[in-house]
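Chains as they are written, first to last, in the working numbering: chain A, 12 to 362; chain B, 9 to 330; chain C, 41 to 407. Glycine included, each C-beta is placed from N, C-alpha and C at the ideal position. Fair warning: this is a prediction, and the values are worked out from it, not measured in the lab.
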Amino acid sequence: MTSIDHDATPGSPDALRPILSVQDLVVHFPVRGRGLLGRTTGTVHAVCDVSFEIYPGETLGLVGESGCGKSTTSRAVLGLRRATSGQVLFEDQDLANLPPDRMRRLRRQMQIVFQDPMASLDPRLTVYEIIAEPLRIHGVHKEDRHQYVAELMRTVGLNSEHGNRYPHEFSGGQRQRIGIARALALEPKLLVLDEPVSALDVSIQAGVVNLLDDLQRRLGLAYLFVAHDLSVVRHVADRVAVMYLGRIVETGECEELFANPAHPYTQALISAIPIPDPRKERERRRIVVSGEMPSPTDPPSGCRFRTRCPMFADRLDDAQQARCRQETPELAERGQGHPVACHFAEAVPVL
Amino acid sequence: MPSTQPEEDHGPRAVRVTPTRGVSARPAGQDREFTVEARSQGRLILRRFLRHKLAVASLVVFVAVVLFAFAGATLWHYSYDQLTPDISAPPSLRHPFGTDSTGIDLMAMVMRGTQRSLEIALFVALAATCVGTVYGAIAGYYRGVSDTLMMRFVDLVLTFPTIAVAAILGAQVGTSAGSWFFIGIILAALTWPIVARVVRGSVLSLREKEFIEAARALGARDRRIIFGHLVPNVMGPVIVSVTILVAAAILSETGLSFIGFGVRPPDTSLGLLVSQAQTAVSTRPWLFYFPGAFIILIVLSINFIGDGLRDAFDPTQTRVRS
Amino acid sequence: MSTAATTGEEVLVVEDLTVSFPTDDGLVQAVRGVSYRLREREILGIVGESGSGKSVTSMAIMGLLPRSARITGSIRFRGQELVGLRESGLNKLRGSKIAMIFQDPMTSLNPVHTVGYQVAEAILAHNDVSKAQARRRAVELLDTVGVPNAGQRVDSYPYELSGGVRQRVVIAIAMANKPDVIIADEPTTALDVTVQAQVLDALRTAQQETGAAMVLITHDLGVVAGQADRVLVMYAGKPVEIGDVEDIYYRPRMPYTLGLLGSVPRLDASRSQRLLPILGSPPSLVNLPAGCPFTPRCPIAQDRCEREEPPLVTVTSHPHRAACHFSQDLAGVRPHDLFTSTSADARTEDHPGRPSAGEPTGEGDLP
């Protein structure tokens with residue numbers, strides 16, 4: 012299986028430079044009215060001033076609830092969605108200024124695995140055709156295509172003899188493995204994993220999580236792991252960025268962030284996730300947030316979380332509340348050991 | 009990889025491994041043992057189609073009509089332009105469908121007419137499908153202003169009354185030898201928007217599917233996405249709409265020929281035969297009934313085949329049979 | 041655990057329930073003999089993966105299965121047999137004595153009526169009260185389940201509300217007639233975690249306010265751990281283990297239960313702890329082979345398992361039962377004793393959708 016191994020040893024100089032660098036990314040969508048030309052009636056502030064870096068061989072977990080902009084961020088990273096402003100640099104190349112042909116070549120370096128393994132595989136193609144498609148598009152592995160695809164299938168734990176079958180003949184976990192094999196075909200350096208195990212049953216998702224872990228070790232891949240499930244992220248990520256309503260509210264080393272979450276939203280998120288242990292689960296103290304995420308067409312001023320923030324509601328005085336309303340908190344180190352975007356950040360062990 | 013696998017038995021749960029390449033069809037029995045779904049989509053569709061008894065019967069009828077018209081014409085000892093001594097003979101063993109006032113064998117004419125009608129209908133279906141599919145797929149894939157403009161044009165074409173336009177244009181072409189071909193083109197030009205609409209509708213929902221985004225993420229060009237992924241996936245609804253088109257084309261051709269703007273003598277078509285027989289309904293009814301019956305037979309059978317195909321392609325038909 | 045599990049009258053008794061559906065491929069045996077007893081005020085968690093028959097069981101109780109479904113066995117609500125009961129009889133119970141909460145609140149709410157109207161309608165259907173009284177009660181109920189500004193929200197249409205508020209409206213409707221049993225089928229699966237916590241609170245409130253017993257169906261072992269008194273684990277249409285929540289989580293005696301517990305990513309465990317997947321995938325419920333359906337995925341399966349399907353038998357204490365020939369050997373066994381942290385898809389690779397024993401691995405076919 013040496014032919015799909017990369018030369019990304021941890022000690023190489025590549026490890027020092029981020030493979031992906033996102034700087035002040037902003038993605039807005041116009042909300043259009045109906046009709047032939049459709050006047051713009053509003054703006055969805057999907058992603059606001061998001062910055063992060065991913066280094067070779069590491070996993071950044073991007074977590075948040077639905078509508079927080081994590082998926083839009085992942086699409087912008089891949090150049091599938093145009094950034095309104097800000098930069099996405101892949102190995103120092105700015106995606107925004109890349110001519111289409113260069114962009115297509117760059118796609119070999121970064122690939123995506125989707126959430127729904129059934130929807131992301133063309134039902135009319137056989138597994139072989141699906142995995143071979145990227146090779147065909149980029150005209151690589153022309154001579155040894157069959158062997159190479161068979162090898163990819165084995166790499167992801169599939170029987171290489173099932174290449175002539177159709178996706179619907181496979182179980183959910185196997186379909187996701189097909190999607191992973193397709194993403195690996197071009198030997199990318201970065202994989203964007205968009206909720207790769209959310210649609211799978213737990214007993215099967217564990218195998219896929221382990222597979223991703225093994226592949227990363229073996230191939231030196233960098234992962235952007237987008238998920239809503241913090242417990243999965245805790246298992247896969249080296250670093251975590253928590254998003255709320257288009258902004259990163261807290262980021263840090265995985266262990267550190269789970270041990271000492273400093274943003275009230277992170278604390279609420281961690282404390283809301285049930286633990287499959289009856290005694291622990293019943294003894295836990297919950298940090299409850301009220302309501303639901305406001306619409307991204309009209310985000311609250313200042314701190315976007317203040318409308319649901321238990322600290323804002325219960326513990327801050329008028330002057331402090333005014334600050335939350337008026338001043339957008341910077342994502343910065345505030346003495347908690349990692350950057351957090353809250354004026355009154357305070358690390359609280361939740362687990 | 010070896011082209012065959014040794015068949016080993018590994019206890020009650022073992023399954024024989026089928027080779028990947030070389031053999032495309034795999035033994036069904038082995039697959040069935042372990043999963044209910046181990047069938048290609050084509051086979052699932054075929055299976056559901058075969059369950060539709062009326063559609064299967066119609067398919068048999070349709071194939072019989074095609075064989076009768078094309079194979080029959082080469083075997084039958086009379087030709088559609090050959091005069092026989094039997095003038096205005098009623099159906100008999102010699103002339104199963106009878107003859108007309110000039111002594112031409114009606115069965116030979118019906119064979120020829122059916123050929124023409126089917127040729128026109130199939131040409132229309134093919135041309136309208138190709139044009140409509142590409143047009144609809146492009147409009148649906150690119151959306152936006154181009155889609156809006158393209159679909160308004162489709163709406164415009166659909167406002168044309170088919171028979172009237174075909175009649176006027178058909179008259180311009182005149183009595184050239186290939187006139188059935190021109191009728192085909194005219195009908196196709198007026199019916200492709202129906203296919204375009206169906207395709208665009210399907211593409212609009214398909215393009216949001218993740219496998220399209222996956223192809224884009226792989227760096228696939230638009231052409232590949234449209235023709236490699238979108239078009240194959242809309243073939244179901246397209247095939248269904250084509251059956252409707254074929255039936256409609258046969259009726260249109262009949263109508264045109266009936267009012268004198270379609271196929272002209274000495275060539276013949278089912279519509280022309282019916283038209284020529286209109287004065288003879290009471291005196292020599294066979295001249296009217298046989299071609300009429302063939303029109304009904306063809307149109308009905310195609311409609312039922314379409315019904316069967318629609319049910320077979322409809323994914324909601326999968327599981328439970330009540 | 042609460043004493044409700046052992047005392048209290050039995051409100052719902054399900055005995056040897058089977059449900060099958062005829063399909064193109066043969067008879068799908070969705071439920072293959074489910075039995076349980078639900079006592080007053082008790083919360084029974086039913087866990088299982090997709091296709092384990094956990095939802096079909098509840099649909100059978102509610103009489104909501106399609107006509108093609110073949111149901112045998114017995115479902116008794118306070119002694120009254122529900123299997124074979126006519127629609128009119130079921131309608132008297134549905135919504136008043138037995139209430140159901142579905143995964144997607146949008147499907148159980150009518151989009152053309154205000155939520156207040158729908159709550160009031162549920163009250164009016166089974167109570168002799170005036171419309172004004174029903175409306176007042178509707179506001180009260182919405183307030184109880186934590187709908188903010190219930191007085192105003194009562195006039196909203198479902199599409200104007202967020203998913204969490206909608207689900208709370210459904211819970212309000214469920215508790216409108218003080219049911220004896222609430223069946224909640226994946227009530228929080230479609231919701232975000234912070235909202236899930238709110239809805240679980242609302243569900244808890246509804247259960248306590250009405251004094252109802254609850255069947256909580258979910259695939260989330262964390263939710264069950266926090267809510268249920270007793271847990272029923274289902275696999276391939278059958279209960280494979282049932283017991284008090286602590287028995288199931290701390291003293292599981294069925295390899296599948298152990299496998300589930302080992303494969304869940306836990307917030308209280310970090311990356312260094314690898315997950316323990318169960319290899320293979322659940323079997324098809326058509327033409328299920330003889331023997332224990334978990335055999336192909338089971339790390340301790342023996343020849344006997346392929347021949348004989350183990351019955352659900354008492355393990356130690358009375359309420360804890362497991363369906364495994366070797367449940368006595370599993371005392372004190374933890375998931376990592378049985379399962380390995382592999383990344384493979386099946387123990388051996390031979391066939392999509394179904395693993396099997398004794399096949400050569402994929403390496404054997406290299407040129």
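- Check the Cα spacing between proline 227/C and each of Met215/C, Ile211/C, Pro219/C, Ala172/C: the tightest is with Ile211/C.
- Leucine 226/B has a beta carbon lying within less than 9 angstroms of a beta carbon in chain A.
- Collapsing the DSSP output to three states places proline 322/C in coil.
- Between valine 237/A and glutamate 206/A, the C-beta spacing is below 9 angstroms.
- A direct Cα-Cα distance of roughly 34 angstroms separates alanine 268/C from serine 82/A.
- Under DSSP, the beta-bridge partners assigned to glutamate 55/C are Ser114/C.
- Taking each of Ala242/C, Gln158/C, Ala139/C, Arg344/C in turn and checking the Cα distance to proline 188/C, the smallest one comes out for Ala242/C.
- Annotation for glutamine 278/A: the continuous alpha helix (DSSP H) segment containing it runs 275-283.
- For a Cβ distance threshold of 8 angstroms, residue set Glu218, Glu221, Ala222 of chain B lies close to phenylalanine 125/A, ordered along the chain.
- At a cut-off of 9 angstroms between C-beta atoms, histidine 149/A counts as an interface residue with respect to chain B.
- Residues of chain A with a Cβ closer than 8 angstroms to the Cβ of arginine 232/B are, in chain order, Ile148.
- By the criterion of a C-beta distance shorter than 6 angstroms, valine 273/C is surrounded in its chain by Val87, Val280, Glu281, Thr297, once the five residues flanking it on both sides are discounted.
- Below 8 angstroms, enough C-beta pairs join the region 274-285 of chain A and the region 313-327 of chain A to call them touching: three or more.
- Residue-level contact check: aspartate 232/C touches chain A, since one or more beta carbons of chain A fall below 9 angstroms from its beta carbon.
- Looking at the DSSP output, glutamate 281/C sits in a beta bridge with Val273/C, Ala362/C.
- Looking at the backbone, the Cα of phenylalanine 61/C and that of alanine 109/C are separated by about 5 angstroms.
- Look at proline 311/A: its C-beta is not under 9 angstroms from any C-beta on chain C.
- From the beta-carbon of leucine 280/A, the residues of chain C found nearer than 8 angstroms are Val233, Thr234.
- Contacts with chain A (Cβ-Cβ distance below 8 angstroms) from the region 210-244 of chain C involve Asp232, Val233, Thr234, Val235, Gln236, Ala237, Gln238, Asp241, listed in chain order.
- The C-beta of cysteine 265/A comes closer than 9 angstroms to at least one C-beta of chain C.
- In the three-state scheme derived from DSSP, where H, G and I count as helix and E and B as strand, cysteine 332/C is classed as coil.
- When rounded, the separation of the alpha-carbon atoms in alanine 223/B and arginine 295/A is 45 angstroms.
- Looking from the CA of threonine 251/B, the closest CA among Leu126/B, Phe266/B, Ile146/B, Gln286/B belongs to Leu126/B.
- Restricted to the region 168-208 of chain C, the alpha helix (DSSP H) segments that are unbroken, complete and at least 4 residues in length are 171-184, 190-193, listed in chain order.
- Look at valine 55/A here: in three-state DSSP terms it is strand.
- Secondary structure at valine 263/C: helix, using DSSP grouped into helix, strand and coil.
- Not a single C-beta of chain A is nearer than 9 angstroms to the C-beta of glycine 148/B.
- Identification of residues in the region 79-109 of chain A having a C-beta nearer than 7 angstroms to some C-beta of chain B yields Leu89, Leu91, given in sequence order.
- Assigned with DSSP and collapsed to three states, phenylalanine 161/B falls in helix.
- Measuring C-alpha to C-alpha distances from alanine 70/C to each of Gly372/C, Gly186/C, Pro323/C identifies Pro323/C as the nearest.
- Contiguous beta strand (DSSP E) elements confined to the region 98-133 of chain B do not occur, taking only those with 3 or more residues.
- Nearest Cα to isoleucine 163/C within the set Ala174/C, His153/C, Arg107/C: Ala174/C.
- Arginine 361/C is outside the set of residues whose beta carbon lies under 9 angstroms from a beta carbon in chain A.
- Arginine 334/A is a Cβ neighbour of histidine 354/A, given a cutoff of 9 angstroms.
- The Cβ of leucine 132/A sits closer than 9 angstroms to at least one Cβ of chain B.
- For the pair alanine 57/A and glycine 80/A, the CB atoms are nearer than the 9 angstroms cut-off.
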